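This report refers to the structure that appears directly beneath it.
Numbering (my numbering), first residue to last: 241 to 407.
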């Protein structure tokens, strides 16, 4: 459930009143980003559940679709999604179980396999994505194109900074 912005502000004010830190703006922005992301994913997951998916399974499925029909190795999915290899294995097991994806022997490496869409997976992208995209578009309607570009720039800058600071 999405947390109202007033609740976040109230929590920060309580934190502030106790004199625990002077970095209120950074704390507030971090919590705001966290709560916004959680609310967006919750909104999208309501749609994904109709297809026995969630945001993580959908992210893996998108990568597999991007490499269809050649296929993609699980290790490459891990690199592209920032999921661990163990997570990718579990997600792929679920997608295989739902008959959206199949494992195919890698013609260049007998020890490995590639992941490709099944006919059901192909049909999913042809017929089910448009209504799902509509839900995504609705979620972002409140933000103008100019604001989206600003947000994209700001979040990219933050992500780049965080990636560099962990090196």
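We put the CB at the ideal spot given by N, CA and C, even for glycine.
All figures in this text were calculated on a predicted structure; none of them were measured in a lab.
Nearest to residue 359 (by Cα), restricted to the options 322, 283, 309: 309
In the structure shown, what three-state DSSP assignment does residue 336 receive? helix
Span of the alpha helix (DSSP H) around residue 389: 385-405
Quick one: Cα of residue 377 to Cα of residue 350, how far? 42 Å
Go ahead and label residue 417 buried or exposed: buried means 16 or more other beta carbons lie within 10 angstroms of its beta carbon, across all protein chains shown. For the chain, the structure presents residues 241 to 407; residue 417 sits outside this window and is missing.
Identity of the residue in 252, 263, 280, 269 nearest residue 381 by Cα: 280
Report the three-state DSSP secondary structure of residue 300 (helix, strand or coil). helix
Just list the residues that DSSP pairs residue 344 with in beta bridges. BP columns for residue 344 point to 354.
Do three or more CB pairs link the stretch 325-345 to the stretch 287-304 at distances below 8 Å? As far as the Cβ criterion goes, the stretch 325-345 touches the stretch 287-304, which means the pair count is three or higher.
Tell me, please, which residues DSSP counts as bridged to residue 312. According to DSSP, residue 312 shares a beta bridge with 355.
So, at 8 Å on beta carbons, what are the nonlocal neighbours of residue 295 in its own chain, with the 5 sequence-adjacent residues on each side left out? 281, 284, 285, 288
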